[in-house]
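Undergrad: These protein sequences, in sequence, are chains V and H.
Position 227 of the first sequence, counting from 1, maps to 227 under full-length UniProt numbering, and the rest follow consecutively.
Position 230 of the second sequence, counting from 1, maps to 230 under full-length UniProt numbering, and the rest follow consecutively.
Cβ coordinates follow ideal geometry from the N, Cα and C atoms, glycine included.
Computed from a predicted structure; not experimentally measured.
Pasting in a structure now, in structure tokens, and then I'll have a few things to ask.
2 protein chains.
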Amino acid sequence: MNKTIETILDHRSIRSFQDKPLTREQIETIITTAQAASTSSFIQAYSIIGVSDQNKKDQLAEVVGNQPYVAKNGHFLVFCADLNRHAQIAEMENIDVIPSIESTEKFMVSVIDAALAAQNAAIAAESMGLGICYIGGIRNNLEAVQSLLKTPDYVVPLFGMAIGYPAKVNDKKPRLPLEHVYMENEYQQDTATFIKQLEDYNQVISAYYRERTDGKREDTWTEQIGQMLEKKSRMYMKDFVQNRKMDLR
Amino acid sequence: MNKTIETILDHRSIRSFQDKPLTREQIETIITTAQAASTSSFIQAYSIIGVSDQNKKDQLAEVVGNQPYVAKNGHFLVFCADLNRHAQIAEMENIDVIPSIESTEKFMVSVIDAALAAQNAAIAAESMGLGICYIGGIRNNLEAVQSLLKTPDYVVPLFGMAIGYPAKVNDKKPRLPLEHVYMENEYQQDTATFIKQLEDYNQVISAYYRERTDGKREDTWTEQIGQMLEKKSRMYMKDFVQNRKMDLR
């Protein structure tokens, strides 16, 4: 196993950082690696907003709820799906790109582009001895995030990333069995096998929590995820995205 | 610069592979690294379908158009946004998850989850001396891909990834200037600066093509992307995704 694979497999979300800001050089290295990711047909449909202003970080921490590491970290990035520069292209080249950039296809392209870039940034940061945590919580209130970061139409902030020197390192949570996530030549057609895999995995997750909480917690994966999904979070998202003129047609 | 960052920065898409299949061990390493990526609230909302059946690979190559490396490579993966296992959870836990998994929010979560996993796979493969190429072209005809891979409702194949031993290595294309993609504390508010950055970048890209084609090609980035966007590709995507019961509300 090489060093890069070791770094990737050693990933865990870091939720407590030392009080030590990243240098400009570290930030530029991380952004440059993000930009090196593949991008659909060279479209480069994302932007990254670095938040260094402590007041803004505090406000973001409020938006996401109880996550102090959004305010306290070495640096904070917000990854955005971004077709705004492509809207500008229309004026520069005097052509109509609106049906295209308002399409579901291009929304997906911009979300995928942003995520590929982000994961490069995550791996690069971790390879430098830093820790990271993705912050989906910024989607709790994208109106607030948008007004804080002044993002225009054709831009949707997708998630944050807190980066910094780890103060506390958590355990890795076991993932779904490989044979459940990875299928050969066609999707798993046998529902009984599919459910059996989830049940076996439930035992693994239950044991994981039991061990780490002296038996206080022993919920299974399907219980945990089921409860989360039953709650219906962020149901305003369709309106928000479409008000930003994305995923419209 | 460490080895991992070198690997990330050295990325280029490989479109010609040696006739040498990946071993099962290599494939499992790649999938395991994919699974190590962050996943929103532990939801693990993606699946990966490995296509080894040469007949299916040939058919996929036909779907995407003129891309022979979809049929000829060391292995081919299809990354899918997948909330099907979460639909199963509803039955296992006897709860209602439908409004949640049919939401735009959860569609975004599943697309982001799949992309983060894919980029881990890409970096891992490259660190092993393999090359990769993302294949967005599978979205040219997702009905065909779906019937080939037998994916159920709540699953949307997003992109393929051809992996293998490189037969031919291309140059890296220069990315947008860092200061255009990376902004501090708020989105770039000055349109003139924004457009000036694109114009400067146009010079870089034009020179890049000129050098590599003996002056035969010298299109700018905004020309190239503008022409692509003017064409309106894959406008069926919204219907396809919603027919799969995702991004509905």
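Taking Tyr208 (chain H) as part of the alpha helix (DSSP H), name the residues at either end of that continuous run.
TA: Indexing the second sequence from 1 puts residue 208 (chain H) at position 208. Looking at the DSSP string, the run of the alpha helix (DSSP H) that includes Tyr208 (chain H) is 191 to 212.
Undergrad: Apart from the five residues on each side of it in sequence, which residues of its chain come closer than 6 angstroms, Cβ to Cβ, to Val111 (chain V)?
TA: Against the first sequence, residue 111 (chain V) aligns to sequence position 111. Answer for Val111 (chain V): Ala81, listed in chain order.
Undergrad: So with Cβ pairs under 7 angstroms, would you call Ile138 (chain V) a contact of chain H?
TA: Stepping through the first sequence from its first residue, residue 138 (chain V) is reached at position 138. For Ile138 (chain V), the answer is no, since every Cβ of chain H falls outside 7 angstroms of its Cβ.
Undergrad: For the putative contact between Tyr187 (chain H) and Val155 (chain V), defined by C-beta atoms under 8 angstroms, what is the C-beta separation to the nearest angstrom?
TA: Along the second sequence, read from residue 1 onward, the residue named residue 187 (chain H) stands at position 187. Along the first sequence, read from residue 1 onward, the residue named residue 155 (chain V) stands at position 155. Correct: roughly 7 angstroms between the Cβ atoms.
Undergrad: Residues of chain V with CB closer than 9 angstroms to the CB of Asn141 (chain H), please, in chain order.
TA: To locate residue 141 (chain H), count along the second sequence from 1; it is residue 141. Here the premise fails: no neighbours, minimum Cβ distance about 13 angstroms.
Undergrad: For Gln119 (chain V), which residues in chain H fall below 9 angstroms Cβ to Cβ?
TA: In the first sequence, the residue the question calls residue 119 (chain V) occupies position 119. By Cβ distance, chain H contributes Ala37, Ser38, Ala115, Leu116, Ala117, Ala118, Gln119, Asn120, Ala122, Ile123.
Undergrad: When the distance is taken between beta carbons, is Ser38 (chain H) closer than 7 angstroms to Leu116 (chain H)?
TA: What you label residue 116 (chain H) is simply residue 116 of the second sequence in a count that begins at 1. What you label residue 38 (chain H) is simply residue 38 of the second sequence in a count that begins at 1. The answer is yes: Cβ separation under 7 angstroms.
Undergrad: What residues in the stretch 234 to 249 of chain H have a beta carbon less than 9 angstroms from any beta carbon of chain V?
TA: Cβ contacts with chain V: Arg234, Met235, Tyr236, Met237, Lys238, Asp239, Phe240, Val241, Gln242, Asp247, Leu248, Arg249.
Undergrad: Hey, quick one: how far does the alpha helix (DSSP H) through Met108 (chain V) stretch, first residue to last?
TA: As a working mapping, residue 108 (chain V) is identified with position 108 in the first sequence. Unbroken alpha helix (DSSP H) run through Met108 (chain V): 104 to 127.
Undergrad: Chain V partners of Asp96 (chain H), CB-CB under 7 angstroms?
TA: By 1-based counting over the second sequence, the position of residue 96 (chain H) is 96. Residues of chain V passing the Cβ test: Glu230.
Undergrad: How many angstroms separate the CA atom of Ile5 (chain V) from the CA atom of Thr33 (chain H)?
TA: What you label residue 5 (chain V) is simply residue 5 of the first sequence in a count that begins at 1. What you label residue 33 (chain H) is simply residue 33 of the second sequence in a count that begins at 1. Their Cα atoms are separated by approximately 7 angstroms.
Undergrad: Nearest-angstrom Cα distance between Gln189 (chain H) and Met183 (chain H)?
TA: Along the second sequence, one-based indexing puts residue 189 (chain H) at 189. Along the second sequence, one-based indexing puts residue 183 (chain H) at 183. The alpha-carbon atoms of Gln189 (chain H) and Met183 (chain H) are separated by roughly 10 angstroms.
Undergrad: Can Ala125 (chain V) and Ile135 (chain V) be called in contact, C-beta distance under 7 angstroms?
TA: Here the question's residue 125 (chain V) lines up with position 125 in the first sequence. Here the question's residue 135 (chain V) lines up with position 135 in the first sequence. Going by C-beta atoms, Ala125 (chain V) is not nearer than 7 angstroms to Ile135 (chain V).
Undergrad: By the DSSP assignment, the beta strand (DSSP E) with Ile132 (chain V) in it spans what residues?
TA: Walking along the first sequence from the start, residue 132 (chain V) turns up at place 132. Taken as a continuous stretch (DSSP letters only), the beta strand (DSSP E) holding Ile132 (chain V) covers 131 to 135.
Undergrad: Helix or strand or just coil, what does DSSP make of Tyr165 (chain V)?
TA: The count along the first sequence starts at 1 and reaches residue 165 (chain V) at position 165. Correct three-state label for Tyr165 (chain V): coil.
Undergrad: Find the nearest neighbour of Met237 (chain H) within the set V:Ile30, V:Lys72, V:Glu105, judged by alpha-carbon distance.
TA: Here residue 237 (chain H) is taken as the residue at index 237 of the second sequence, counted from 1. Here the closest residue by C-alpha is V:Glu105.
Undergrad: For a test of the three-state rule: what should DSSP assign to Asp58 (chain H), helix, strand or coil?
TA: Start at 1 with the first residue of the second sequence, and residue 58 (chain H) comes out as number 58. Asp58 (chain H) falls in the helix class under three-state DSSP.
Undergrad: Using a Cβ-Cβ cut-off of less than 9 angstroms, list which residues of the stretch 46 to 60 of chain V approach chain H; keep chain order.
TA: Those would be Tyr46, Ser47, Ile48, Ile49, Gly50, Val51, Ser52, Asp53, Lys56, in chain order.
Undergrad: Taking DSSP as the reference, what is the three-state secondary structure of Pro68 (chain H)?
TA: Start at 1 with the first residue of the second sequence, and residue 68 (chain H) comes out as number 68. Helix.
Undergrad: DSSP three-state call for His75 (chain H): helix, strand or coil?
TA: In the second sequence, residue 75 (chain H) corresponds to position 75, counting from 1. Strand at His75 (chain H).
Undergrad: Can you tell me which of V:Gln35, V:Pro174, V:Tyr69, V:Pro99 puts its alpha carbon nearest to the alpha carbon of Ala114 (chain V)?
TA: If you number the first sequence from 1, residue 114 (chain V) lands on position 114. Ranking V:Gln35, V:Pro174, V:Tyr69, V:Pro99 by Cα distance to Ala114 (chain V) puts V:Gln35 first.
Undergrad: Under a three-way DSSP split, which group does Gly50 (chain V) fall into?
TA: For the purposes of this step, residue 50 (chain V) is taken as the residue at position 50 of the first sequence. It is a strand residue.
Undergrad: Within the same chain, show all residues whose beta-carbon is closer than 6 angstroms to that of Asn84 (chain H), passing over the 5 residues directly before and after it, in chain order.
TA: Taking the second sequence and counting its residues from 1, one reaches residue 84 (chain H) at position 84. The residues are Pro152, Tyr154, Val155.
Undergrad: What residue from H:Ser40, H:Lys72, H:Gly226, H:Gln197 has the CA that sits closest to Pro21 (chain H)'s CA?
TA: The residue labelled residue 21 (chain H) in the question sits at position 21 within the second sequence. Cα-wise, what sits closest to Pro21 (chain H) is H:Lys72.
Undergrad: Got a sec, what are the start and stop residues for the alpha helix (DSSP H) Glu218 (chain H) sits in?
TA: Here residue 218 (chain H) corresponds to residue number 218 of the second sequence, with the count starting at 1. Per DSSP, Glu218 (chain H) belongs to no alpha helix (DSSP H) and is neither H nor E.
Undergrad: In terms of alpha-carbon separation, which member of H:Leu198, H:Gln44, H:Asn243 lies closest to Ile225 (chain H)?
TA: Numbered from its first residue, the second sequence carries residue 225 (chain H) at position 225. Taking only the C-alpha atoms, the option nearest Ile225 (chain H) is H:Leu198.
Undergrad: Let me know if Pro174 (chain H) comes out buried or exposed under the rule of 16 or more other beta-carbons within 10 Å of its beta-carbon.
TA: Translated into positions along the second sequence, residue 174 (chain H) becomes position 174. When all chains shown are included, Pro174 (chain H) counts as exposed.
Undergrad: Tell me, to the nearest whole angstrom, how far the beta carbon of Gly74 (chain H) is from that of Tyr165 (chain H); I am working on the premise that it is less than 8 angstroms.
TA: The residue you call residue 74 (chain H) lines up with position 74 of the second sequence. The residue you call residue 165 (chain H) lines up with position 165 of the second sequence. With 8 angstroms as the limit, Gly74 (chain H) and Tyr165 (chain H) qualify as a contact, their Cβ atoms being about 6 angstroms apart.
Undergrad: Using a Cβ-Cβ cut-off of less than 7 angstroms, give me the residues of the stretch 180 to 193 of chain V that come near chain H, in sequence order.
TA: Cβ contacts with chain H come from Val181, Tyr182, Met183, Glu184, Asn185, Glu186, Tyr187, Gln189.
Undergrad: Taking the alpha-carbon positions, what's the Leu61 (chain H) to Leu149 (chain H) distance?
TA: Here residue 61 (chain H) refers to the residue found at position 61 of the second sequence. Here residue 149 (chain H) refers to the residue found at position 149 of the second sequence. Rather than Leu, the amino acid found at residue 61 (chain H) in this sequence is Ala. In a straight line, the C-alpha of Ala61 (chain H) is about 14 angstroms away from that of Leu149 (chain H).
Undergrad: Which chain V residues are close to Leu158 (chain H), counting only those with a beta carbon under 8 angstroms from its beta carbon?
TA: Taking the second sequence and counting its residues from 1, one reaches residue 158 (chain H) at position 158. Within 8 angstroms Cβ-Cβ: Met108, Ile112.
Undergrad: Rounded C-beta distance between Phe159 (chain H) and Phe79 (chain H)? I'm assuming under 8 angstroms.
TA: Counted from its first residue, the second sequence places residue 159 (chain H) at position 159. Counted from its first residue, the second sequence places residue 79 (chain H) at position 79. Between Phe79 (chain H) and Phe159 (chain H) the Cβ distance is about 6 angstroms, and since that is below 8 angstroms, they are a contact.
Undergrad: Would Glu28 (chain H) pass as a contact of Leu248 (chain H) if the rule is Cβ separation under 7 angstroms?
TA: Taking the first residue of the second sequence as position 1, residue 28 (chain H) is located at position 28. Taking the first residue of the second sequence as position 1, residue 248 (chain H) is located at position 248. No. Outside cutoff.
Undergrad: If Ile43 (chain H) sits next to Val97 (chain H), beta carbons under 8 angstroms apart, how far is it from one beta carbon to the other, in whole angstroms?
TA: On the second sequence, position 43 is the one that residue 43 (chain H) refers to. On the second sequence, position 97 is the one that residue 97 (chain H) refers to. About 11 angstroms; that fails the 8 angstroms criterion.
Undergrad: Pick from H:Thr222, H:Glu223, H:Ala207: whose alpha carbon is nearest that of Lys216 (chain H)?
TA: On the second sequence, position 216 is the one that residue 216 (chain H) refers to. The option with the nearest alpha carbon to Lys216 (chain H) is H:Ala207.
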